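In this text, residue positions in the sequence shown follow UniProt numbering: the first is 1, and each later residue adds one. By construction, the Cβ of each residue, glycine as well, lies at the ideal position given by its N, Cα and C atoms. If you're wondering where the values come from, they're calculated on a predicted model, not measured in any experiment.
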Amino acid sequence: MARKNKPVAVEINELDDSVSQIIINKVILGTVDEKDAPLVVTFADGHTQTADNFDNAVASLLAEYNLHH
């Protein structure tokens, strides 16, 4: 049986000038560091990944969250 899509509030908090923290339902998904050209995405479990732009960085954090919740 299929689940209904529920709206989810995604919070983006700026920790520094170049670091943003992504949160869903009070669960920290990770951070995005925009200091250098390839953005560095740090997940909640500590592993890192690079992304071309901010949207792709947030999408990878959301995909990881959806995979495990």
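| field | Which of helix, strand or coil DSSP assigns to Glu11 | value | strand
| request: Rounded to whole angstroms, what's the CA-CA distance from Gly30 to Pro38? Just pull it up for me. | output: 16 Å
| query | What's the C-alpha gap between Gln21 and Val41? | reply | Approximately 10 Å between the Cα atoms of the pair.
| said: Just to confirm the assignment: which complete beta strand (DSSP E) runs, minimum length 3, are found wholly within the segment 13-60? | reply: Counting whole runs of 3 or more residues, the segment 13-60 contains the beta strand (DSSP E) stretches 19-24, 27-33, 39-43, 48-51.
| Given Lys35, which residues of its chain have a CB within under 6 Å of its CB, disregarding the five upstream and five downstream residues? | Ser18
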